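A short write-up of the structure that comes next.
There are 4 protein chains.
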Amino acid sequence: MTTIALFGAGFIGRVHAASIVGHPRTRLGWVCDVDQTAAERAAGSTGARVTTEPADVWADDQVDAVVIASSTDTHADLLSQAVRAGRAVYCEKPIDLDIDRVRAVAAEVQDSDVPVFMGFSRRYDANHAAVHAAVTDGDVGEVELMHLLSRGPEAPPVSYIRRSGGQFRDQTIHLFDLASWIAGQDPVEVYATGAALTDPAIADAGDIDTSIVVLTMPSGALCQIDSCRRCAYGYDERIEVYGSAGMIESGRKPVREVTRWTGDQIISHGLHPGWFERIEPTFAAAFDAFVGVVDGQVPLYPSLQDGLRAQMIAEAAVASLHAHRPVEIAYYWQAS
Amino acid sequence: MTTIALFGAGFIGRVHAASIVGHPRTRLGWVCDVDQTAAERAAGSTGARVTTEPADVWADDQVDAVVIASSTDTHADLLSQAVRAGRAVYCEKPIDLDIDRVRAVAAEVQDSDVPVFMGFSRRYDANHAAVHAAVTDGDVGEVELMHLLSRGPEAPPVSYIRRSGGQFRDQTIHLFDLASWIAGQDPVEVYATGAALTDPAIADAGDIDTSIVVLTMPSGALCQIDSCRRCAYGYDERIEVYGSAGMIESGRKPVREVTRWTGDQIISHGLHPGWFERIEPTFAAAFDAFVGVVDGQVPLYPSLQDGLRAQMIAEAAVASLHAHRPVEIAYYWQAS
Amino acid sequence: MTTIALFGAGFIGRVHAASIVGHPRTRLGWVCDVDQTAAERAAGSTGARVTTEPADVWADDQVDAVVIASSTDTHADLLSQAVRAGRAVYCEKPIDLDIDRVRAVAAEVQDSDVPVFMGFSRRYDANHAAVHAAVTDGDVGEVELMHLLSRGPEAPPVSYIRRSGGQFRDQTIHLFDLASWIAGQDPVEVYATGAALTDPAIADAGDIDTSIVVLTMPSGALCQIDSCRRCAYGYDERIEVYGSAGMIESGRKPVREVTRWTGDQIISHGLHPGWFERIEPTFAAAFDAFVGVVDGQVPLYPSLQDGLRAQMIAEAAVASLHAHRPVEIAYYWQAS
Amino acid sequence: MTTIALFGAGFIGRVHAASIVGHPRTRLGWVCDVDQTAAERAAGSTGARVTTEPADVWADDQVDAVVIASSTDTHADLLSQAVRAGRAVYCEKPIDLDIDRVRAVAAEVQDSDVPVFMGFSRRYDANHAAVHAAVTDGDVGEVELMHLLSRGPEAPPVSYIRRSGGQFRDQTIHLFDLASWIAGQDPVEVYATGAALTDPAIADAGDIDTSIVVLTMPSGALCQIDSCRRCAYGYDERIEVYGSAGMIESGRKPVREVTRWTGDQIISHGLHPGWFERIEPTFAAAFDAFVGVVDGQVPLYPSLQDGLRAQMIAEAAVASLHAHRPVEIAYYWQAS
């Protein structure tokens, strides 16, 4: 059994706690959160110990690996500590909102041999993974055009938006990762445009809620991404990859396959009410892959470098949005 | 140019008139109907001559072929006259409601070399024809199970139902033809059950409006057919063929590919409002095939024997419905 | 915590063991199987005790409820014992293959206040349940026609078929339950026909592999059911309910929403490879409902009487198949 | 009967000839083409007169209206002549490739009362028109995001590409018109990017074959358009409109509703082989609307101003492509 410590007992923390408890090869050793009560609630009857001090976790020799699901501003410090403590890490995105801080901690990770698994769990979505496999196998030939989208269902609170780094760093970042991963290429240029169309408070917070991003791949392939914070029909996520030999789609996933015919209409049950319901199975699937990494059975994937790439694209997208022109994407590891 | 005479200036007669006028290799020579005014309306500005007397048509040497779209009780007489006059015939179904009359005229046709094309135009529906081709090519392996359906949208007037021979002879007969044609087999047994669920007047007329028919093929394959006179969602026609290597479907045909996502629903535009709108293109396609037959360019298909088979199945279905047990199907041409 | 004892450590037994272990309000107290090794394997590291003797289970005061997932010939005895021991039961279908034995044990259950939950877990399938709810709410008006199907993917071993009671009692029985449940009616008549088309050994075993059953409801509504033991495209299960106000469908469930366009084809990922993969989530959902029944929180559903009804329909279907004519369905509880 | 003269006897000219001949209220008076033989072939047995001299057409008092389907470089001259001759015009796009020439002839048209109907026949596609109607009726609320695409199936000859003005002026222009029409807004800014990915000869001709265009609407709504010259799965055209109350789609149109299930695949018949097969019905529908305009029965729609708008967007898209930055769209009629 692998003993896992969990940092963060909020919503996503509790999702990870369930994965850890439900996995046949792991046990939950610690729950660490600044809020002792939240930590206790997440630990529940699992037998996990509870603390508000990360040091307690690092001091425990039984802990094999950690899951970082605490607030964004703690990720970099905890990553550093984990590297020094030699514990494998499953880290929620983003690494940090300060890109210099990101680079510094990335250097630490790269200089170590500690595996850091980035929580881009969508790579483990059955639909997306099948599209990735098909594209990698050449089923659509050379990739020429992609379309990804993430829509809704409703904007998070403005207080969250202010802390989140904005739509590109918070929502679109998942699509930046998926696009690079599926295309097998690091985009070289980004053009971004957007507006706050659903709530003036989002504009006041300096953010947008409806956007289009165009990525250019080194091969010349183009990728269009649309992101919306509010969606009147649930949570919509879709990927289309168009190539020289055909097109493949990771399609909309309905909650049920139930359809009613009446009058001149055909009415089907719709999409999931929120992003979490849509991608819920990916958390356990990604955690299972992480356990395989810790056990040395599967290669590390997605890595911190994948997290870094997605953040670099997001930074460039923000720059493009403000400059109102296409912007070249500078990657840390290319510059170094 | 082939000169065609049209018998019957009712709704279907006028559909055929349009096919004749619109076809590049035919002209409409005569419209013959007991109602002179109807005949004149159908002839319109086409230059066609008009009469209430079939004899006028047979006397005209210019007439190469005839379309029989008059009332059912005139079909057999006109067929006989056409055979004697040596004119190719496109004949709407059924041949006659009196099965002895059917056998007699079928014998006349078989003893002649006059081509008689039965108006089972659904064989020329693009979807159905593709399914027929795939099954014939072995794409689903050995046929084991079929499901056909024809539903709605609303019952014809009871006055029509009384004259029509009932649901099996009037509506389901098309599916009897399609099932035999696609399976490439003449069914050997039929079990039929049904009820008048939508209108007591249909029961009073001795008919049903909702039915299930099970056909057994000589290979052992089974075929289920459901027919409904009233359908709350337009006209629904569908064919599914299940075999040892897979299944193929001639699916529902929407009027438009337009879909709206809203709330927890996905709402698509529905089916055609009536059977005619659904199969309208098949009339011109079948007529074009008939012209090819007259020109000697394509083999005769569907033939009078196809019409006879479908009627024999319908007769046996009626017998099964009344006897409340499975009934063997006796084919005229097997007995002779 | 509710302590559950499990009878039967075969494939389905182990599925139930996982449900019991994974449920937040239950623990696995015992695994009882004639094969001690199998019982031990199912108990695994759960802490459950293991026995080959049912008496050990009944003697344990800690046991609140039992799951009967042992071989069919033991169901009736274990049910009797559970009733006498006053333990709530989750019982896999069928109750017994001997219909007199079924009636006897049903009488025992009805005379007791022991809840017996029949394992018709498909009622807890999200698609089927939504159709049931819609039909019950009148969304399709008066039910007039139904179509249910269960196909493939491959026939069980002939040794199993010989013991199973045949296709109607083993496979179609689930659709008999679903049809009655959704229609809210007990069918009054059945016509069944079928053949062994895929393997002569099935015919030698006195069974069929491809069948059509027509049920007549007291309202006059008709229901057609097709069942196939072998299916070249995975496991296919579908329900269509047609009524005076429209039609609703519990549609085919794909494994993934992934589609590729190439040349003149659109190729989607298909159905589940087997019935288990298709309905896997229903086991945990049904078990959760059973726990609610044991806790007195939800009404018992489906009950032993539901199991009895489905078996009576299956008996009548077998009788119809052999008599080659429609057969009236006699229900035990109507006669008593 | 309205007498129509046709300029241009090429492929599209012959399509229009068929519409004119098939329409119940029009006759084909003249076919005028620089190639006398082509004109004669298009006239066929319709009784139309044939000429290589436009003057012959203008001199004929019988001619009520003209269809301009000749080569692009003749459109502006023929439009001028038609205005002076007072004949209603159905004009294929584009007006002219020289934008100054476009403005000049547009001024002539606007100063006259001659109706000029632009051949944006896609507005009469049943799917697109239903989406336009729904959006106009507010079915998706305020429009926030649109996605339009036109793909394949194969690039025209490079000789054509050189004369065509390039992908934006030749292919994407239809989507510029559809986007403005459906949104009910004139876009204010365009960003365009693209590459020649399928054939180096297209790059040599100074053109692209794969592109993304982002339009900004005055309301802030965003519109993404992708255009591809080569498509490995037929001709693909699709429109998605996303708004505050939901989303509506003019979906892919299959050639047939035929689907085969086999193994782990579901294989449907695909899209049309080319753009013409996809939109063929729109030519007759648009021509019928034009006849209504000539008869004074329906308002003029789409007008020359619609043609002008689409060309202005195309011009700005070309400018953006070359400048590699977003470009404001300057409309002629705003400047005047």
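Chains as they are written, first to last, in the working numbering: chain X, 39 to 374; chain Z, 39 to 374; chain U, 39 to 374; chain S, 39 to 374. We treat Cβ as the ideally placed atom computed from N, Cα and C, and that holds for glycine. These figures come from a predicted structure and were not determined experimentally.
So residue i packs on residue j, CB below 8 Å; how close in whole Å?
{"i": "GLU366(Z)", "j": "ALA259(Z)", "result": "With a Cβ gap of about 16 Å, GLU366(Z) and ALA259(Z) do not count as contacting."}
{"i": "TYR162(U)", "j": "ALA327(U)", "result": "6 Å"}
{"i": "PRO92(S)", "j": "PHE45(S)", "result": "7 Å"}
{"i": "PRO311(S)", "j": "TYR339(S)", "result": "In fact, because the Cβ distance is near 30 Å, the residues do not count as touching under 8 Å."}
{"i": "MET39(U)", "j": "TYR271(Z)", "result": "Going by Cβ atoms, the distance from MET39(U) to TYR271(Z) rounds to 50 Å, so no, they are not a contact pair."}
{"i": "SER159(U)", "j": "ALA324(U)", "result": "4 Å"}
Any idea what DSSP makes of residue i, helix, strand or coil?
{"i": "PRO62(U)", "result": "coil"}
{"i": "ASP163(U)", "result": "coil"}
{"i": "ALA342(S)", "result": "First, the residue type needs correcting, since residue 342(S) is Leu and not Ala in the sequence shown. In the structure shown, LEU342(S) sits in a helix (DSSP, three-state: H, G or I)."}
{"i": "TYR369(X)", "result": "coil"}
{"i": "MET350(U)", "result": "helix"}
{"i": "GLN100(U)", "result": "coil"}
{"i": "LEU135(S)", "result": "coil"}
{"i": "ARG294(X)", "result": "coil"}
{"i": "GLN223(X)", "result": "coil"}
{"i": "ILE375(U)", "result": "Because chain U is modelled from 39 through 374, residue 375(U) falls outside the range shown and cannot be assessed."}
{"i": "SER257(X)", "result": "coil"}
{"i": "ALA361(Z)", "result": "helix"}
{"i": "ALA323(S)", "result": "helix"}
{"i": "GLY330(X)", "result": "helix"}
When the Cα atoms are used, what is the spatial distance from residue i to residue j?
{"i": "GLU146(S)", "j": "VAL121(S)", "result": "7 Å"}
{"i": "SER257(Z)", "j": "ALA80(S)", "result": "54 Å"}
{"i": "GLN74(U)", "j": "ALA47(U)", "result": "9 Å"}
{"i": "GLU130(S)", "j": "PHE214(S)", "result": "15 Å"}
{"i": "ALA373(Z)", "j": "LEU135(Z)", "result": "Because ALA373(Z) carries a pLDDT of 41, less than 50, the predicted location of this residue cannot be relied on, and no value is offered for it."}
{"i": "LEU342(U)", "j": "ILE199(U)", "result": "24 Å"}
{"i": "VAL38(S)", "j": "ARG298(X)", "result": "Look at the range of chain S in this structure, 39 to 374, and you will see that residue 38(S) is not part of it."}
{"i": "LEU359(U)", "j": "ALA230(U)", "result": "5 Å"}
{"i": "GLN335(U)", "j": "ILE58(U)", "result": "18 Å"}
{"i": "ARG276(Z)", "j": "VAL88(U)", "result": "54 Å"}
{"i": "ASP138(S)", "j": "SER202(S)", "result": "17 Å"}
{"i": "VAL331(X)", "j": "ASP102(X)", "result": "12 Å"}
{"i": "GLY281(X)", "j": "HIS170(X)", "result": "13 Å"}
{"i": "LEU346(Z)", "j": "THR248(S)", "result": "57 Å"}
{"i": "PHE321(S)", "j": "ARG52(S)", "result": "11 Å"}
{"i": "GLY318(S)", "j": "ASP149(S)", "result": "A small fix is needed here, since residue 318(S) is Glu in this sequence, not Gly. If you take the alpha carbons of GLU318(S) and ASP149(S), they lie about 33 Å apart."}
{"i": "ALA77(S)", "j": "GLU78(Z)", "result": "36 Å"}
{"i": "LEU187(U)", "j": "LEU253(Z)", "result": "17 Å"}
{"i": "TYR19(Z)", "j": "SER306(S)", "result": "Beyond the ends of chain Z as shown, which are 39 and 374, falls residue 19(Z); an answer cannot be given."}
Could you tell me whether the Cβ atoms of residue i and residue j are closer together than 7 Å?
{"i": "GLY308(Z)", "j": "GLN262(X)", "result": "no"}
{"i": "GLU295(X)", "j": "LYS291(U)", "result": "yes"}
{"i": "GLN205(U)", "j": "ILE246(U)", "result": "yes"}
{"i": "ALA43(S)", "j": "GLY60(S)", "result": "no"}
{"i": "THR84(S)", "j": "VAL72(S)", "result": "no"}
{"i": "ALA348(S)", "j": "ILE211(S)", "result": "yes"}
{"i": "ALA123(Z)", "j": "PRO153(Z)", "result": "no"}
At least 3 beta-carbon pairs within less than 8 Å: the stretch 184-203 of chain Z vs the stretch 267-287 of chain Z: yes
Sufficient close CB pairs (3 or more, under 8 Å) joining the stretch 344-354 of chain U to the stretch 207-226 of chain U: yes
Chain B contacts made by the stretch 258-277 of chain S, where a contact means CB separation under 8 Å: In the structure shown, chain B cannot be found, because the protein chains are X, Z, U and S.
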